[in-house]
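Single-structure report; data block below.
Protein chains in written order, with the working numbering: chain Y, 1 to 338; chain E, 1 to 338; chain D, 1 to 338; chain A, 1 to 338.
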């Protein structure tokens, strides 16, 4: 039985973690840490948990490390997370960090894009990027896993089979991404107002979204190149769901069938990646509330088009976090996730 | 040509007013007053107006009355509106007030429900309730019209034919009301967050919504009784549209046909009220972006059920406000509204 | 381990059944019966199941009873279900029927509202109405359980505490009900077209919805009266979720607190019924994807208002069906449902 | 006063045409032609028109040309339209055809993509592509205007300033397009079912959408090249609105400012094209229910990204059709459209 803590318990991703863990037969939630809501029952923050899970939240602070926890999920915002991660690691607690604070091999890239000094460079170096389909071996023995961003998860899973075989130009990767609104978090702003979002669609953070260097960083790891990613996210009027439509240039002619074979070879044994049936393309609805990534590929002209879809709160955040926990703690990798 | 001002120019209802007035051949907007955004162009507040209508907003304040205006629409919140209405009236400008500040014949009722002292009781007495189908004559000669609330507009138009003939018990009027989210205004709150509102439905302000006394007050005017209204509004995951489902007890047996005749007699000549085709019930979509109120009636058991539907921003606010302006200023009543 | 069959496997409710049963540790799906899609894998019908559950569907027909099944869920339309239920019962298989075919104690009421002759009157008599909170004892030993309709589930759970104590007039029960579109089933029609349903709201089947006699029938069982229910359903632009807003007349004065106590007494020990926190009202979102029914009560004037909310596909259909299976087969009642 | 007919009166685009024309001071609808609903009042087909515009539909057929019509809008499906267009032209009636039947200079391209023989090649040759911003002069004197497709309108307006100056590689134009569901028409199918479309997102017709050759054909006209367009449309869970996110390769370095100047020069005087404010990107909501196309451009790396947004039923269909009528009949080009 893995004893689990959740830090930053009021985020949407924390609610998802709780829902998954309540179904997980070999773990139990023993700690909910929060900066501002200590003493409040989690069911008052998320009434959906009333009569189901009513644990009170504990204060989060320097030196306040829970005694009886094997692993914590950190659901704090980037730049805040790294203030608290060290004390958990130092107490021998494994960490899955859902923020961006430990995702970059290069400290300088993090600092350039997040505009703060990284305060925990030693753990940064030791952290493993928690995309199990690519880094399962390292995750098994890691004590700190950086859970990938939602867009990078879908994008990298869509690109990996082609990059590993060096089939595409990595300096001209075009990712037109679309996400539901829950990706914007719980804070009410004009941008999350129902009347602004519903029946509306727009691109945002064009050319400056922080998931760009995260994708480039992993592409670089896979391909030993200096990649350039044109990454453009769009806000879609739906709560959950994420689709990356990816346009890449082929280095040589290759057929649809060969590419499908490539993907099937890499992902055939994966429980959480599947190819769309031939001739069809992923619907986000078909991965909503699941930890699945569904991918379709199609050669058009000199390019291959890749469509990669996940639930941004599941495979894009909390589902993948539990998948990582399962690997780190020796549970069946799909436990609690199907 | 009527010269028009809009005060409180940043509200959703102001955008609707502008859109309507841009199509109105015998009026022109000559003033936009705002408490906080003076100097800003209205097209920066509502980008939809870019290249269409880009007038800058003027400051609103004591003594700051525009010189060249015949009528102002007041789109300020209740309790704020009555601070500014007197200075416009005193300058000889007609006023259509979209707030609740001048809707109540009884000052004490206003003060009990809005929890402030009424600071302009003299104009309150002179104000006319701007429901043209019931009070057209008075509106024609009024200088201050209190534009009705959205729920009261739909509810009262649904009830009026029955109450005028004394056919129902007015002490047991049950109004189950449903509204789109734009009725909640533009302020971002947890309650207007897309992820909270979409795929969600709830009752709110049960038994305490301020439109209850407004409906009771007009029912009382029509029926010389002491009415009791059970009014329960619900938030519906859509931007615009409002439906009142009304359940009232018949004093004596009466057929569907007789009731339809009653409604047809009262509303047959009205440009903005229609009955649903026999056997059908109003869809809010069929009145969206129009100034129409669609009503259906059906006798069931000892009760008659009434369904009354409007666009909360049009017949429920800005459309009706322009209808009132047309009546007050001698334009064709439907001008700009079809 | 309970071996389970699902008949009518292509309905939305069947997909929900499958999702629940995949998480249920003491049951397994061993049969999927369908009238028209035999041979097709269920994952082709519901791509969301690809790589998760890909069982082929079996033909459904006279005499075609699967050998190795302990209990079947019947997800066929009303009037069709009763053609197949007898052959399963005769083979010693327990049945939870999600259609209306076995919900009425009075055959004549069924025949009047469903406009067909009931072809299986003997089993009709033996069937138990599957609302565990009221009929748990009978369900335990039943071989045929009629799973309640979605609206009746919410309505009856909201009314039961008051009717059992004889506190309200049962001849004037007003139920203003609202449901997401999944309640309309999977068949594409003008009425389920996205552009007709989104940003739209309407009442339907006013005074003639078939859940009216179902509610009246159970109210009658509880209260020994001749009830009259004004039941008006509305279509809400959301996929899942159902709210009944109920207005009933009190026989005598009673306080909010007393009524809350009454509800707490009856439902305090129930795993799937909860009261809203005092002063709040149920949001359908807070029961979506759960088997919970959330209820709030408030006395206003001479009436008590009750708000009762469920997920129409869960507590209103498939969740409750599994709850019934758990009771019938001796599993923990909440198994697979939290 | 232009006397107008609408053929194929039951389409969504026809409802939009009617709404616009009711506000148009110098035209009147004198004919509604339909293949299947002759005799029915248009207000029964679109109840939103009840009490506003209740003209009965006339039969459409060989030789059945209305006597008193100056211009007809054809809102029939492609391949059907060209069966009826000749008889109107032959009777001296101007035609704006909203189908694809007259959009292609090359008959063979039409026949390859629409998989039928073109039955009216002579008029095809004379037809003018109705994009006023590019072909205003020809439209002025045309008797047959082919109203552009929704996607091509947004795409071409976004590309034109760059192609005219030969600034981009036209053999690598990537258009990731997103559209609301009304683009799929009124026929109820599984693909337009509310529960399939809401909270869902998907690419469709990848590499095979018929708007691909339409865009290529106009790009070719502007640039004298042999263009290749990667066009991928996506279905977005909203009723109206369309965004093309376009990624093209620059032939030489050029700054954001220079590109904005280019667009401002071409479109500064256009009433229905505007650039987003600097640093912002178009929201479809800001063009909904208007005839505006809003465009933003941003240089990223070696590419320029273009975002072009319209209301698919307005500038993408009926609004542009009326704009064309205004030009063809000598009305002010914006009449009825603001």
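Ideal Cβ positions, reconstructed from N, Cα and C, are used throughout, including at glycine.
{"Asked": "Do the stretch 288-301 of chain Y and the stretch 188-203 of chain Y touch if we need at least three Cβ pairs shorter than 8 Å?", "Found": "no"}
{"Asked": "Which residues bound the beta strand (DSSP E) around residue 177/E?", "Found": "173-179"}
{"Asked": "Measuring only the C-alpha atoms, how far is residue 11/E from residue 29/E?", "Found": "16 Å"}
{"Asked": "Cβ closer than 7 Å: which chain Y residues qualify as neighbours of residue 203/A?", "Found": "245, 281 and 307"}
{"Asked": "Please tell me whether residue 164/A has its Cβ less than 7 Å away from any Cβ of chain Y.", "Found": "no"}
{"Asked": "Under a Cβ-count criterion, where at least 16 other Cβ atoms within 10 Å of its own Cβ denotes burial, should residue 212/E be classed as buried or exposed?", "Found": "buried"}
{"Asked": "Any idea which residues DSSP pairs residue 138/D with across the strands?", "Found": "Partner(s): none; residue 138/D has no beta bridge."}
{"Asked": "Check distances from the C-beta atoms of the stretch 265-278 of chain Y to those of chain A and list, in chain order, the residues that come in under 7 Å.", "Found": "none"}
{"Asked": "If you pair each beta-carbon of the stretch 81-89 of chain D with each one of the stretch 100-118 of chain D, do three or more pairs fall below 8 Å?", "Found": "yes"}
{"Asked": "Quick one: is residue 164/A buried, meaning 16 or more other Cβ sit within 10 Å of its Cβ, or exposed?", "Found": "exposed"}
{"Asked": "May I ask you to list the residues that DSSP assigns as paired with residue 129/D?", "Found": "146/D"}
{"Asked": "Where does residue 343/A fall in DSSP's three states?", "Found": "This structure does not reach residue 343/A, given that chain A is present from 1 up to 338, and the question cannot be answered."}
{"Asked": "Does residue 275/Y come out as helix, strand or coil in the three-state DSSP assignment?", "Found": "strand"}
{"Asked": "Which partner residues of residue 244/D appear in the DSSP bridge assignment?", "Found": "177/D and 308/D"}
{"Asked": "Let's test the definition: count the other Cβ atoms within 10 Å of the Cβ of residue 62/E and tell me whether it reaches 16, buried, or not, exposed.", "Found": "exposed"}
{"Asked": "Kindly list, in the order they appear in chain B, the residues whose Cβ is closer than 7 Å to that of residue 189/A.", "Found": "Protein chains in the displayed structure are Y, E, D and A, and chain B is not among them."}
{"Asked": "On the three-pair Cβ rule with 8 Å, is the stretch 67-74 of chain D touching the stretch 106-120 of chain D?", "Found": "no"}
{"Asked": "Return the chain-ordered ranges of every alpha helix (DSSP H) run that is complete within the stretch 308-338 of chain D and spans a minimum of 4 residues.", "Found": "319-329"}
{"Asked": "Which bits of chain Y does residue 51/D rub up against, with CB to CB less than 8 Å?", "Found": "271, 274 and 292"}
{"Asked": "Alpha helix (DSSP H) containing residue 86/A: first to last residue?", "Found": "81-90"}
{"Asked": "Compare the C-beta of residue 197/Y against all C-beta atoms of chain E and say whether one is closer than 7 Å.", "Found": "yes"}
{"Asked": "What residues of chain Y sit near residue 241/A, judged by a beta carbon separation below 9 Å?", "Found": "199, 200 and 201"}
{"Asked": "Mapping DSSP to helix, strand and coil, what is residue 74/Y?", "Found": "strand"}
{"Asked": "Considering Cα atoms alone, identify which of 50/E, 110/E, 307/E and 179/E is closest to residue 386/E.", "Found": "Residue 386/E cannot be examined here, being either before or after the span of chain E that is shown, 1 to 338."}
{"Asked": "Keeping to the same chain, check which residues put their C-beta closer than 7 Å to that of residue 222/D; ignore five residues upstream and five downstream.", "Found": "160, 163 and 164"}
{"Asked": "My understanding is that residue 5/A touches residue 72/A, with C-beta atoms under 8 Å, so please give their C-beta distance in whole angstroms.", "Found": "4 Å"}
{"Asked": "Using a threshold of 7 Å, state whether the C-beta atoms of residue 219/Y and residue 170/Y are closer than that.", "Found": "yes"}
{"Asked": "With DSSP as the reference, please indicate the residues paired to residue 203/E in a beta bridge.", "Found": "234/E"}
{"Asked": "Based on DSSP bridge pairs, tell me the residues matched to residue 97/A.", "Found": "74/A and 146/A"}
{"Asked": "Measuring only the C-alpha atoms, how far is residue 56/A from residue 121/A?", "Found": "33 Å"}
{"Asked": "How about residue 20/D and residue 322/D: do their beta carbons lie closer than 7 Å?", "Found": "yes"}
{"Asked": "Ignore the nearest five residues each way along the sequence and tell me which others in residue 270/A's own chain have a CB closer than 6 Å to its CB.", "Found": "133"}
{"Asked": "What in chain Y is Cβ-close to residue 210/A, meaning under 9 Å?", "Found": "Neighbours of residue 210/A on chain Y: none; closest Cβ ~15 Å, over 9 Å."}
{"Asked": "Just grab the DSSP bridge partners of residue 193/D for me.", "Found": "193/A"}
{"Asked": "Is residue 240/A closer than 7 Å to residue 286/A when the C-beta atoms are compared?", "Found": "no"}
{"Asked": "May I ask you to list, following chain order, the residues of the stretch 25-53 of chain D that have a beta carbon less than 7 Å from some beta carbon of chain Y?", "Found": "47, 48, 50, 51 and 52"}
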